[in-house]
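Residue numbers (this note's numbering): 18 to 442.
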């Protein structure tokens with residue numbers, strides 16, 4: 018998983034109108050960035066997962082918005098629950114076929130008929146194949162339904178569906194280049210050419226077919242792409258992408274990012290300061306400035322940059338106050354540690370599942386000598402990392418030093434009582 022305030026804010030900006038059009042609560046769907054270079058997105062529960070590879074490969078916001086619209090179609094259509102129901106039906110089909118096959122095999126063995134016994138084995142195997150094909154056919158139908166829903170949402174928000182066609186065209190090109198022979202009945206998604214054929218008429222009929230992304234949104238998208246390229250692909254990947262955008266703000270941003278990541282801190286700071294002159298209200302330029310100053314061992318100056326980032330951030334990310342708190346902690350004096358606790362708690366109030374944030378909070382409390390609060394923050398960090406055994410140990414430690422019934426004691430008890438789904442405490 019990848020956490021980044023800038024990228025998360027942009028993807029949420031893409032998703033917000035689509036979710037509204039789909040009748041989904043804007044804050045009811047978590048968007049999770051996955052560190053994977055492939056072009057993919059998928060839904061699990063109320064979470065929408067998007068690969069960084071998709072974000073970096075998509076040349077326009079519209080392509081990603083089309084992907085989000087498709088996944089919103091799955092969520093709004095309740096496809097996961099329907100698939101679970103279909104799996105149960107398929108399981109029943111397979112069980113019946115297995116029992117029928119077993120009956121035929123027993124009858125064949127009893128009558129000493131090899132043919133009948135062999136037929137029984139065929140019935141059992143065929144039943145499993147039939148169940149599998151039934152599920153795959155159902156999934157292909159749901160994919161087509163989600164595609165059509167996506168076009169509905171795009172039209173409702175005044176956006177083009179050409180990005181979806183471009184995405185499926187990319188998949189078709191990759192399939193053609195691979196030379197793979199695909200059995201269309203043994204895959205969970207329709208073939209890209211089928212999806213293009215089904216959507217092309219709908220896309221071209223839309224009054225918004227020629228609508229392009231606003232320049233400011235395209236600029237943010239380009240900056241996101243070069244940032245991902247620098248962090249995930251290294252200097253060469255970022256340079257390749259920047260050459261396609263010569264002289265652009267995104268290219269300058271990519272140059273600042275690569276200088277920072279690969280050790281030229283003075284150059285990175287100069288480039289970032291130049292960016293801030295162009296867009297003084299951009300919170301992510303201030304965030305980068307804070308990152309550079311932290312790496313240069315100038316925590317007080319870094320804290321000032323992060324403070325500006327927090328104040329300028331319209332998305333109210335929980336990550337930026339935590340970064341601000343880290344810089345305050347690095348200054349190390351008691352007054353700065355107190356301020357760090359305030360900022361990190363502010364970030365965690367916005368982003369409750371930030372396990373790393375709790376670890377920093379635990380350190381700040383520990384340095385201030387507040388051991389019960391440090392133990393509880395450590396418990397929270399383990400809890401949101403999925404290390405429930407360790408979380409319970411630290412929650413019990415925290416409780417021993419707290420008054421029964423106070424808020425911290427109650428939260429510690431919640432952690433102690435927690436049992437993951439399907440498991441006993």
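Built from N, CA and C at the ideal position, the CB exists for glycine as well.
Please tell me whether residue i and residue j are closer than 7 Å, where the distance is taken between their beta carbons.
| i | j | result |
| --- | --- | --- |
| residue 309 | residue 282 | yes |
| residue 19 | residue 41 | no |
| residue 393 | residue 342 | no |
| residue 177 | residue 218 | no |
| residue 447 | residue 241 | Missing from the structure shown is residue 447; the chain here goes from 18 to 442 and no further. |
| residue 391 | residue 382 | yes |
| residue 88 | residue 65 | yes |
| residue 216 | residue 164 | yes |
| residue 327 | residue 338 | yes |
| residue 79 | residue 230 | yes |
| residue 273 | residue 288 | yes |
| residue 213 | residue 185 | yes |
| residue 171 | residue 39 | no |
| residue 364 | residue 374 | yes |
| residue 319 | residue 311 | yes |
| residue 415 | residue 389 | yes |
| residue 247 | residue 255 | yes |
| residue 334 | residue 22 | yes |
| residue 303 | residue 322 | yes |
| residue 26 | residue 332 | yes |
| residue 245 | residue 77 | no |
| residue 361 | residue 336 | no |
Strictly under 7 Å for the Cβ-Cβ distance: is residue i near chain B by that measure?
| i | result |
| --- | --- |
| residue 397 | Checking the listed chains, one finds no chain B in this structure; it contains a single protein chain. |
First and last residue of the alpha helix (DSSP H) that includes residue i?
| i | result |
| --- | --- |
| residue 369 | That residue, residue 369, is in no alpha helix (DSSP H); it is neither H nor E in DSSP. |
| residue 443 | In the structure as shown, the chain starts at 18 and stops at 442, and residue 443 therefore has no counterpart that could be examined. |
| residue 281 | Here residue 281 belongs to no alpha helix (DSSP H), and DSSP marks it neither H nor E. |
| residue 322 | 316-329 |
| residue 402 | 388-402 |
| residue 69 | 69-74 |
| residue 39 | Here residue 39 belongs to no alpha helix (DSSP H), and DSSP marks it neither H nor E. |
| residue 256 | 251-260 |
| residue 84 | 78-93 |
| residue 304 | 300-312 |
| residue 55 | Residue 55 -> no alpha helix (DSSP H), and no H or E assigned at all. |
| residue 242 | 232-245 |
| residue 385 | Residue 385 -> no alpha helix (DSSP H), and no H or E assigned at all. |
| residue 342 | 336-348 |
With DSSP collapsed to three states, give me the class of residue i.
| i | result |
| --- | --- |
| residue 33 | helix |
| residue 436 | coil |
| residue 50 | strand |
| residue 226 | coil |
| residue 406 | helix |
| residue 419 | coil |
| residue 297 | coil |
| residue 333 | coil |
| residue 175 | coil |
| residue 271 | helix |
| residue 264 | coil |
| residue 180 | helix |
| residue 45 | coil |
From the options, pick the residue whose C-alpha is nearest to that of residue i; which is it?
| i | options | result |
| --- | --- | --- |
| residue 380 | 346, 320 and 286 | 346 |
| residue 305 | 275, 333, 331 and 332 | 275 |
| residue 325 | 59, 221 and 301 | 301 |
| residue 74 | 419, 55, 38 and 267 | 55 |
| residue 262 | 34, 277, 224 and 236 | 236 |
| residue 249 | 228, 271, 36 and 231 | 271 |
| residue 407 | 60, 185, 297 and 435 | 435 |
| residue 47 | 33, 38 and 234 | 33 |
| residue 372 | 413, 398, 352 and 307 | 398 |
| residue 376 | 353, 175, 340 and 352 | 340 |
| residue 60 | 366, 86 and 92 | 92 |
| residue 428 | 404, 400, 364 and 179 | 400 |
| residue 228 | 179, 413 and 414 | 179 |
| residue 402 | 223, 297, 370 and 285 | 370 |
| residue 285 | 291, 21 and 277 | 277 |
| residue 173 | 321, 361, 35 and 162 | 35 |
| residue 280 | 296, 313, 307 and 260 | 313 |
| residue 433 | 423, 411, 419 and 422 | 411 |
| residue 384 | 368, 358, 404 and 405 | 358 |
| residue 224 | 259, 244 and 168 | 168 |
| residue 438 | 405, 423, 422 and 418 | 405 |
| residue 63 | 361, 243 and 43 | 43 |
DSSP beta-bridge partners for residue i?
| i | result |
| --- | --- |
| residue 61 | 64 |
| residue 19 | 50 |
Return yes when the C-beta of residue i is under 6 Å from any heavy atom of the ligand SAH, and no when it is not.
| i | result |
| --- | --- |
| residue 255 | Ligands are entirely absent from the displayed structure, and the ligand SAH is therefore not among its contents. |
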